[in-house]
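Visitor: When we follow this note's numbering, the leftmost residue of the sequence shown carries the number 955, and every step to the right adds one.
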Amino acid sequence: MTDINIEIFKRYQPKRKLEIIESLTEKELLNLKESTVIRIVKETGTFNYGSKRNKHLNISHERRKGNDWNSTFDGIDYSRGRIFVELYLQYENTDTSIFEYWYRFLQPGEYKGQYGGSDRMGNPRTYYFTYYESDKAKCIKSILLEYIYRKYADKLV
């Protein structure tokens, strides 16, 4: 079993790291630790909101994954020592981004989220979305791939 928390930072060629990421199973992807994500965001993220500590890692459009229904995984924020997942939701007339704690999003089992908004007539409405373990694994894979493509952009040409 491959421990991605160690393998991602080893001194391999970038193409070898991509091969390792592509060969990971769902269970191995879900073992990604918060400390690994913090390091990834610190190394390849951009500064957030004029702050010198808060960083954001935006996932490129070609690597964005989601629940294949009504939301996509857009990025990760590291703010005040905590990791947040940015999810983009799309319903009727509602297009919005919400932030969820990393640990809450990656708890074992499915993640059931909700967003309180209004429908097109202005009536209050609650919108729901679900991420199964397979969806979460795809999101984690997109984080790892984004890290490799950003960090080693000059070597992957």
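Beta carbons are placed, not taken as given, at the ideal position from N, Cα and C, and that holds for glycine.
Please determine, among I974, D957 and F1059, the residue with the shortest C-alpha to C-alpha distance to L986.
Guide: For the residues I974, D957 and F1059, the minimum Cα distance to L986 belongs to D957.
Visitor: Suppose the cutoff is 7 angstroms on Cβ atoms and the five residues either side in sequence are ignored; what does the same chain contact list for K1105 look like?
Guide: Taken in chain order, the residues that qualify are E997 and T998.
Visitor: What ranges does the beta strand (DSSP E) occupy inside the stretch 964-1024, keeping only unbroken runs of at least 3 residues that lie completely in it?
Guide: 1009-1012, all fully within the stretch 964-1024.
Visitor: Across which residues does DSSP place E1054 in a beta bridge pair?
Guide: In the DSSP output, where bridge partners are listed per residue, E1054 has V1039.
Visitor: Given that a residue counts as buried once 16 or more other Cβ atoms are within 10 Å of its Cβ, and exposed if not, what is T990?
Guide: With 16 or more other Cβ atoms within 10 Å, it is buried.
Visitor: Quick check: what's the CA-CA separation for Y1045 versus G1076?
Guide: Distance between the alpha carbons of Y1045 and G1076 is about 14 angstroms.
Visitor: Suppose you measure from the CA of L983 to the CA of F963; what does that come to, to the nearest Å?
Guide: So the alpha carbons of these two residues sit roughly 15 angstroms apart.
Visitor: Do you know how far the Cα of G1071 is from the Cα of I1097?
Guide: Taking the straight line from one Cα to the other gives about 28 angstroms.
Visitor: Given a cut-off of 9 angstroms, decide if Y1069 and T1080 are closer than it, judged by their beta-carbon atoms.
Guide: Yes.
Visitor: Output yes or no for whether 9 angstroms exceeds the beta carbon distance between I974 and Y1101.
Guide: Result no, Cβ atoms of I974 and Y1101 do not sit closer than 9 angstroms.
Visitor: Which of the three DSSP states, helix, strand or coil, is assigned to R1104?
Guide: Here R1104 sits in helix by DSSP.
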